[in-house]
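Residue numbers (the working numbering), protein chains in the order written: chain A, 12 to 115; chain B, 12 to 115.
Glycine included, every Cβ here is placed at the ideal spot set by N, Cα and C.
Below: the structure, in C-alpha cells.
There are 2 protein chains.
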Amino acid sequence: MTNNSSIAKDYTCPGEPLLRVIAGKWKPQIFKVAADGPFRFSHLMKEFPGANKQSLSVALRDMEEAGILFKTTISEKPLHIEYQLSPKGVDVMGVYKYISTIQK
Amino acid sequence: MTNNSSIAKDYTCPGEPLLRVIAGKWKPQIFKVAADGPFRFSHLMKEFPGANKQSLSVALRDMEEAGILFKTTISEKPLHIEYQLSPKGVDVMGVYKYISTIQK
DNA sequence: TCAATAAGTCAGAAAAAGATGACCAACAAT
DNA sequence: ATTGTTGGTCATCTTTTTCTGACTTATTGA
Chain A
12 MTNNSSIAKD YTCPGEPLLR VIAGKWKPQI FKVAADGPFR FSHLMKEFPG ANKQSLSVAL
72 RDMEEAGILF KTTISEKPLH IEYQLSPKGV DVMGVYKYIS TIQK
Chain B
12 MTNNSSIAKD YTCPGEPLLR VIAGKWKPQI FKVAADGPFR FSHLMKEFPG ANKQSLSVAL
72 RDMEEAGILF KTTISEKPLH IEYQLSPKGV DVMGVYKYIS TIQK
C-alpha cells in the first residue's frame, strides 16, 4: 500500500514551467536553429515555411521570458534583432539529448 | 553565417513523440504516482479529484502505447487492472529529474 | 519626405486538447 | 438472473493552441 489517508502527497512537478517551453510547437526546431548560433526572426520564417509569424513570435517570447534566449537589438542598416541561446538555454537543450538516448 | 542555400538542414527532433507523453496534463502527476509502485485507475481518481476519467484514461493509454506503463489485468474479486512503470518509464521519468536540476 | 526592409502585433478562424455527464462491459457474489 | 464494483467509452461542450491575413512600428537610404 502506498497511501494512508493522514498524509497528503505532493504531486507538484518543479519542471512543469520548463516543460511548456520545450514541448510547445516549433520549440524543438527553434532550439536546433539556436544551437548553430545567433539567429534572426526572418531566418526562422525562411527555415520553417509551415510556421506562421504569430506562433514563432509567441514561441520566442516564451523562451525569452523563461531565460532561454537572449534578445539583442543591433540597430544597423535595416534593423536587426538577434536571438541567441543563454547558458540556461544550453542546459535546457540537454533535455532533448537526454530524451533521444531513451530507446524506442 | 549558419546556412547556405544548397544544404537543407534537418529540424526533426527524435524526442518529440516522448515529449507529448511527458508534457501532457496530469502526466507528471501520474509519473509521481507510478514511482511509488503499481497503481490502479481508481487510485488516480482519488488522488486527483480535479481530473476527469476521460483525461486520465487517455493519458494512461498514451503512456501505455509509448511503452512507459505496463498494464496487467488481475481478474480477482471485483476486477483489478494494474499499471506500473516499465524500465523505459523509469528512464523517461529521469527527464523530470534532469529538468529540475536546471536553475530558475 | 517617401519607400523599403525587418520585426513584429492584432482580430478572428480553425484545430487540438481537456472536461462533463451519461452510458456500457466484465466479473463475481447473491 | 440481478446487483455492485471496477474500469472504462461515447457524444458533446469548453478551453487552449495554433494558424491566417491585414495592419503597425522602427530605421535608414534615396
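- Check the Cα spacing between Ile85(A) and each of Met104(A), Gln95(A), Ala77(A) and Gly78(A): the tightest is with Gln95(A).
- When CB distances to chain B are screened at a threshold of 9 Å, the residues of the segment 101-115 of chain A falling below it are Asp102, Val103, Gly105, Val106, Tyr107, Lys108, Tyr109, Ile110, Ser111, Thr112, Ile113, Gln114 and Lys115, in chain order.
- Its Cα nearest to that of Met74(B), the residue Trp37(B) stands out among Thr112(B), Trp37(B), Lys20(B) and Ile113(B).
- Any Cβ of chain A closer than 9 Å to the Cβ of Glu93(B) would place that residue at the interface, and such an atom is absent.
- If you keep only unbroken alpha helix (DSSP H) runs of at least 4 residues inside the segment 41-96 of chain B, you get 52-58 and 64-76.
- Sequence-distant partners of Ala77(B) (beyond 5 residues in either direction) whose C-beta falls short of 6 Å from its own C-beta, in its chain, are Val32.
- Neighbours of Leu96(A) in chain B, taken as residues whose beta carbon is under 9 Å from its own, are absent, since the nearest beta carbon is some 13 Å off.
- Annotated as proximal: Tyr22(A) and Phe59(B), with beta-carbon spacing under 9 Å.
- The closest CA to that of Ile92(B), considering only Gln114(B), Phe81(B) and Val69(B), is found on Phe81(B).
- Contact of Lys99(A) with chain B by beta-carbon distance below 8 Å involves Ile113 and Gln114.
- Ile79(A) and Lys99(A) do touch by the CB rule: their CB atoms are close to 6 Å apart, below 8 Å.
- The three-state secondary structure of Ala19(A), taken from DSSP, is coil.
- Counting only Cβ-Cβ distances below 7 Å, Glu27(A) has contacts in chain B at Pro39, in chain order.
- Between Ser97(A) and the set Glu87(A), Lys115(A), Gly26(A) and Pro49(A), the nearest pair of CA atoms involves Pro49(A).
- A residue is called buried once 16 or more other Cβ atoms fall within 10 Å of its Cβ, and Leu29(B) is buried on that count.
- Chain-order list of chain B residues neighbouring Ala34(A): Leu30 and Ala34, by C-beta distance under 7 Å.
- Take Ala45(B), set aside five residues on each side of it, and the residues of its chain with a beta-carbon closer than 6 Å to its own are Leu96, in chain order.
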